[in-house]
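Here is the structure we will look at.
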């Protein structure tokens, strides 16, 4: 027997958010309404799925094991509803895109604008994070597709663009006016690191050349890193397109040897929602028009 997907949705919202109130706000129910839905699901399955305490709720061991299947049920129901809407000529549904922070500032706005023009009634959501975090969301089915800077094993890959890693240098840096900056210039030198995950693309570049900078400050936000570089706290590394729309007294200089990343979209072979398929089609179209 398969329960109403709304009950699974309530269970997921409570389990992932850790709060009945937050789950209610997300789904448009009162906390007691969420409790009734979860209690009904527990009764149908004969399992206790959530453990309640003064600090909120969390899944029991049985609930934890049910989470992946619950996500599949909710996702399948959403895809069916989207397809049914398309067949009836109604354009609605939800699209959730996972994106690495750097991708969010470069490709995503252009694809999102094109998608919104064609599908104004589809609820589009964005989940940002580091590569490992976004891959986990993709694996769990919590995002429909993911914009990343490298291929994701086990997923289809739509390459969009190769971009160069560049140095961000304060105005007084010895290489601020140079045509390129050698990687050895970062050895032992003041450095501002953007830390979104254990191993960033800039870390891989430095590690490959056995260079260890003197990290003076770590930030979870690229613009904060940029501001700290401008203030003279140190140099940094990031992808070239990131600063195209930023203004500031920071020198953007190519690194030597050069290092490039491939931006693209990762998506599953099966179970792609109509909205996600349209998003990927628009990404392909933009790539063709921009890059040929």
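Residue numbers (the working numbering): 2 to 293.
Glycine is no exception: its CB is placed at the ideal position from the N, C-alpha and C atoms.
In chain order, what residues of the same chain have a beta carbon less than 6 angstroms from the beta carbon of residue i, not counting five sequence neighbours either side?
| i | result |
| --- | --- |
| residue 233 | 171 |
| residue 201 | none |
| residue 25 | 31, 32 and 35 |
| residue 97 | 126, 144 and 145 |
| residue 252 | 170 and 177 |
| residue 189 | 215 |
| residue 14 | 24, 27 and 28 |
| residue 368 | The chain is shown only over 2 to 293; residue 368 falls outside these bounds and no answer can be derived. |
| residue 314 | What the structure shows of the chain is the stretch from 2 to 293, and residue 314 is not part of that stretch, so it cannot be assessed. |
Can you tell me whether DSSP reads residue i as helix, strand or coil?
| i | result |
| --- | --- |
| residue 268 | strand |
| residue 219 | strand |
| residue 54 | strand |
| residue 117 | helix |
| residue 147 | strand |
| residue 109 | helix |
| residue 170 | strand |
| residue 154 | coil |
| residue 138 | helix |
| residue 159 | strand |
| residue 21 | helix |
| residue 49 | coil |
| residue 28 | helix |
| residue 245 | coil |
| residue 38 | helix |
Please say whether residue j and residue i have beta carbons closer to each other than 8 angstroms?
| i | j | result |
| --- | --- | --- |
| residue 280 | residue 12 | no |
| residue 223 | residue 239 | yes |
| residue 102 | residue 287 | no |
| residue 80 | residue 272 | yes |
| residue 51 | residue 16 | yes |
| residue 275 | residue 138 | no |
| residue 235 | residue 193 | yes |
| residue 212 | residue 184 | yes |
| residue 61 | residue 38 | no |
Spell out the partners DSSP gives residue i in its beta bridges.
| i | result |
| --- | --- |
| residue 261 | 165 |
| residue 125 | 96 |
| residue 250 | Its beta-bridge partners do not exist; DSSP assigns none. |
| residue 13 | Residue 13 is not bridged to any residue. |
| residue 130 | 101 |
| residue 256 | 182 |
| residue 240 | 166 |
Output needed for residue i: all residues of its chain with C-beta closer than 8 angstroms, excluding positions within five of it in sequence on either side, in chain order.
| i | result |
| --- | --- |
| residue 1 | This structure gives no information on residue 1, because the portion of the chain shown stretches from 2 to 293. |
| residue 152 | 158, 263, 265 and 267 |
| residue 109 | 98, 100, 127 and 148 |
| residue 59 | 16, 19, 51 and 52 |
| residue 321 | Residue 321 is absent from the model: the chain starts at 2 and stops at 293. |
| residue 247 | 224 and 227 |
| residue 284 | 108, 112, 159, 161 and 266 |
Who are the Cβ neighbours of residue i in its own chain at under 7 angstroms, not counting the five residues just before and after it?
| i | result |
| --- | --- |
| residue 22 | 32 |
| residue 176 | 170, 182, 186 and 254 |
| residue 278 | none |
| residue 70 | none |
| residue 106 | 243 |
Comparing the CB of residue i with every heavy atom of the ligand GTP, is any distance shorter than 7 angstroms?
| i | result |
| --- | --- |
| residue 162 | Of ligands this structure carries none, so the ligand GTP is not represented either. |
Completely contained beta strand (DSSP E) runs for the region 58 to 101, where each covers 3 or more residues: Correct list: 94 to 101.
Segments of 3+ residues assigned as beta strand (DSSP E) that fall wholly inside the region 172 to 238: Counting only runs of 3 or more, we get 191 to 195 and 215 to 220.
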